[in-house]
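Trainee: Here it is: the structure, laid out below.
There are 2 protein chains.
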Amino acid sequence: MSSITLLGAGNLATHLAISLHQAGHTITQVFSKTKKSAQLLSNRLNCPYTTDLKSILPSDIAIIAVNDDAIKEVEKHIFFPKIHTSGSTSIDCLNGKNTGVLYPIQSFSKNKTVDLSETPICIEANNDMFLQQIETLARSLSTYVLPLESQQRGHLHLSAVMACNFSTLMYVLAEEICSKHAIPFDLLHPLIEETAKKVVDMNPSTALTGPAKRGDDSVMKQHAHLLESDQEKKQIYQLLSRSIAKRNL
Amino acid sequence: MSSITLLGAGNLATHLAISLHQAGHTITQVFSKTKKSAQLLSNRLNCPYTTDLKSILPSDIAIIAVNDDAIKEVEKHIFFPKIHTSGSTSIDCLNGKNTGVLYPIQSFSKNKTVDLSETPICIEANNDMFLQQIETLARSLSTYVLPLESQQRGHLHLSAVMACNFSTLMYVLAEEICSKHAIPFDLLHPLIEETAKKVVDMNPSTALTGPAKRGDDSVMKQHAHLLESDQEKKQIYQLLSRSIAKRNL
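Chains as they are written, first to last, in my numbering: chain F, 1 to 249; chain A, 250 to 498.
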């Protein structure tokens, strides 16, 4: 079991800290520049907190789970082994003898608990010994741990943005249309759940269905007509339909 | 229980027929212009089939579950109560004393069974008596049945295309990126499942996360750079990121 200094108190930091705590690790201290967040999380973990980077307590490992653009500023103050948790930030962003990355591939929200044991975690380190240490830590949280270099992790993070944020935008657009026409959005809930299941059970391109896939021009024209008063949605509809049709050749 | 003539033998027709059969209705006959499909489905239902529209056997109700553009051609040959199952086709497409619609909001694939009992079904009819009859039929299949007029159904179908087909395209794009960079796509499976769960548990706009939502320009620039050699994905990335950012104002 390790002693861990946690930097950050946002969604990812909170989920990670609680899972680490439950796995038997000791959180030595929580840092957040926002006092309220630091207090809240340290209360849950029964450990001290600080809002001052100059008062960071040393431990076996520091986990830097702050916003990407704050990593450099934070890491400068840490003089013991440290890892960050960012999908899109290179390991080179960290300086020191033992540096690494632990990137859980999941979307974390404030009021929704996520089971980290089923969350894949990508790891990286600047030396083999430290990679082993990070792997042990990651395996105490999840059954699916994979070493991945920074460059590949960047592409994985981009894929995750498409698979998660952009698909959520599609649901937002659908919800806006339903709401405008007084249609209960929950009519789409089983379709949304089934779509995700299908993509996981089959592969995504096999799961593609619908007018663009079938080349059904009359339905696509009808949809474009329905979107006449919403040029943004129309543009998205047409670009994505062309993209589906292209993959059908 | 009703006797039903089924027109069509595709994915939707097959799922519907089997659920109707299991619910205790009698499938009088299956029609498909493709002999193989007609034979296959009629074997599963233990009922006769035809490929000839002039040999349609009458029953309590005809369910027209053919491609949208074939509905008009098929319905001309039916001289008893009839309904179609299309999301994007008006009820006016059908002629006769008793006409209606039964639209299950789900995506059906060949080799994947879907539980219709949890699938919302929208219904419509050209008269109240027939609406009641369709409602009884729909309620024998699903617990969630909602009367919806053709115009609203058109908007619902458009929403379903966005929520299902377009989100699947996002998974396809993610899979293409992973595949190109030798990253196992199953790393994204838990994220995909969690995203769908979040949209259903919260509402979609609350579930939005990621660089465009946070206004993280440096990550978005980095992603655009990674997509430099794939102009189509770059265009989609930028259009959808702008759309997310717009909703964040």
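Just so you know, even glycine gets a beta-carbon here, dropped at the ideal spot from N, CA and C.
Just to confirm my understanding: we take LEU146 of chain F, look at its own chain, exclude 5 residues before and 5 after, and list those with CB closer than 6 Å. What are they?
Mentor: Here the set comprises CYS122.
Trainee: Using a beta-carbon distance cut-off of less than 9 Å, what residues from the segment 453–464 of chain A approach chain F?
Mentor: Going along the segment 453–464 of chain A in chain order, one finds PRO453, SER454, THR455, ALA456, LEU457, THR458, GLY459, PRO460, ALA461, LYS462, ARG463 with a Cβ nearer than 9 Å to chain F.
Trainee: Do you know how far the Cα of GLU322 of chain A is from the Cα of SER304 of chain A?
Mentor: If you take the alpha carbons of SER304 of chain A and GLU322 of chain A, they lie about 14 Å apart.
Trainee: What residues in the segment 350–379 of chain A have a beta carbon less than 9 Å from any beta carbon of chain F?
Mentor: Listed in sequence order: ILE354, GLN355, SER356, PHE357, SER358, ASN360, LYS361, VAL363, ASP364, GLU367, THR368, PRO369, CYS371.
Trainee: Answer with buried or exposed for LYS447 of chain A, where buried requires no fewer than 16 other C-beta atoms within 10 angstroms of its C-beta.
Mentor: Its Cβ being crowded by 16 or more others within 10 Å, LYS447 of chain A is buried.
Trainee: Looking at the structure shown, is ALA9 of chain F part of a helix, part of a strand, or coil, going by DSSP?
Mentor: Here ALA9 of chain F sits in coil by DSSP.
Trainee: Just tell me which of A:ILE276, A:GLY464, A:ALA374 has its CA closest to the CA of ASN67 of chain F.
Mentor: Closest by alpha carbon: A:GLY464.
Trainee: Between CYS296 of chain A and chain F, is the shortest Cβ-Cβ distance under 9 Å, so that the two count as touching?
Mentor: Chain F, which has no Cβ nearer than 9 Å to the Cβ of CYS296 of chain A, makes this no.
Trainee: Would you kindly check if the distance between the Cβ of THR334 of chain A and the Cβ of ALA258 of chain A is under 9 Å?
Mentor: No, the pair does not count as a contact, with Cβ atoms beyond the cut-off.
Trainee: For GLU424 of chain A, count the other beta carbons within 10 Å of its own beta carbon; 16 or more makes it buried, fewer makes it exposed. Which is it?
Mentor: Burial call: buried.
Trainee: State the Cα-Cα distance for the pair ASP230 of chain F and THR136 of chain F, rounded to the nearest angstrom.
Mentor: When rounded, the distance between both Cα atoms is 52 Å.
Trainee: GLY460 of chain A: which of A:HIS472, A:PRO307, A:SER454, A:VAL449 sits nearest, CA to CA?
Mentor: In the sequence under discussion, the amino acid at residue 460 of chain A is Pro, which differs from the Gly named in the question. If we check each option's Cα against that of PRO460 of chain A, A:HIS472 comes out closest.
Trainee: Taking the straight line between their C-alpha atoms, what separation do you get for SER337 of chain A and ALA456 of chain A?
Mentor: So the two alpha carbons sit approximately 28 Å from each other.
Trainee: Where in the segment 64–148 of chain F do unbroken runs of the alpha helix (DSSP H), each at least 4 residues long, occur, reported from the N-terminal end onward?
Mentor: Fully enclosed alpha helix (DSSP H) runs of 4 or longer: 71–75, 128–139.
Trainee: Could you tell me the distance, in whole angstroms, from the CA atom of TYR144 of chain F to the CA atom of GLU118 of chain F?
Mentor: Each residue's alpha carbon lies about 7 Å from the other.
Trainee: Distance, Cα to Cα, GLN400 of chain A vs GLN381 of chain A?
Mentor: About 20 Å.
Trainee: Let me make sure I understand the geometry here. Which of A:LYS284, A:ILE312, A:ILE441 has the alpha-carbon closest to that of ALA266 of chain A?
Mentor: Per the Cα distances, A:ILE312.
Trainee: Using a Cβ-Cβ distance cut-off of 9 Å, determine whether PHE185 of chain F contacts chain A.
Mentor: Chain A, which has a Cβ nearer than 9 Å to the Cβ of PHE185 of chain F, makes this yes.
Trainee: So for ALA182 of chain F, helix, strand or coil by DSSP?
Mentor: Note: ALA182 of chain F maps to coil in three-state DSSP.
Trainee: Who are the Cβ neighbours of SER32 of chain F in its own chain at under 6 Å, not counting the five residues just before and after it?
Mentor: Closer than 6 Å at the Cβ level, and outside the excluded window around SER32 of chain F, lie ALA9, ALA38.
Trainee: Could you pull the DSSP bridge partners for TYR49 of chain F from this structure?
Mentor: Paired residues: F:VAL30.
Trainee: Within 9 Å of any Cβ in chain A, is that where the Cβ of CYS164 of chain F sits?
Mentor: Taking Cβ atoms only, chain A reaches closer than 9 Å to CYS164 of chain F, which makes this a yes.
Trainee: Of the choices A:GLY273, A:SER308, A:ASP341, A:ILE493, whose alpha-carbon is the least far from that of VAL279 of chain A?
Mentor: Closest option to VAL279 of chain A, Cα to Cα, is A:SER308.
Trainee: Can you tell me which of the three DSSP states SER150 of chain F falls into?
Mentor: Helix.
Trainee: Pull up the distance between the alpha-carbon of GLY273 of chain A and that of LYS213 of chain F, whole angstroms please.
Mentor: Each residue's Cα considered, the two are about 34 Å apart.
Trainee: Within a Cβ cutoff of 8 Å, which residues of the same chain sit near ASN11 of chain F, ignoring the five residues on either side of it in sequence?
Mentor: Only PHE108, SER109, LYS110 meet the Cβ criterion.
Trainee: On the DSSP bridge assignment, give the partners of ALA62 of chain F in chain order.
Mentor: ALA62 of chain F is bridged to F:THR5, F:LYS82.
Trainee: For ALA272 of chain A, return the contacting residues in chain F, with the cut-off set at a CB-CB distance below 7 Å.
Mentor: In chain order: nothing, as chain F lies at least about 18 Å away.
Trainee: In its own chain, which residues sit with a C-beta less than 7 Å from the C-beta of ILE340 of chain A, not counting the 5 before and 5 after it?
Mentor: Result list for ILE340 of chain A: THR348, GLY349, VAL350, GLU373, ASN375, SER399, in chain order.
Trainee: Return helix, strand or coil for GLU481 of chain A, following the three-state DSSP convention.
Mentor: Helix, per DSSP.
Trainee: Indicate whether at least one CB of chain A lies closer than 9 Å to the CB of HIS189 of chain F.
Mentor: So, interface residue.
Trainee: Have a look at GLY96 of chain F and HIS406 of chain A and give me their C-alpha separation to the nearest angstrom.
Mentor: Distance between the alpha carbons of GLY96 of chain F and HIS406 of chain A is about 55 Å.
Trainee: Between A:THR277, A:LEU256, A:MET250, which lies nearest to THR283 of chain A when the distance is taken from Cα to Cα?
Mentor: Of the listed residues, the one whose Cα sits closest to THR283 of chain A is A:LEU256.
Trainee: Taking buried to mean at least 16 other C-beta atoms within 10 Å of its own C-beta, is MET257 of chain F buried or exposed?
Mentor: Not covered by the structure: residue 257 of chain F. The range shown for chain F is 1 to 249.
Trainee: Going along chain F in order, which residues have a C-beta closer than 8 Å to the C-beta of MET419 of chain A?
Mentor: Within 8 Å Cβ-Cβ: MET162, ALA163, PHE166, SER167, MET170.
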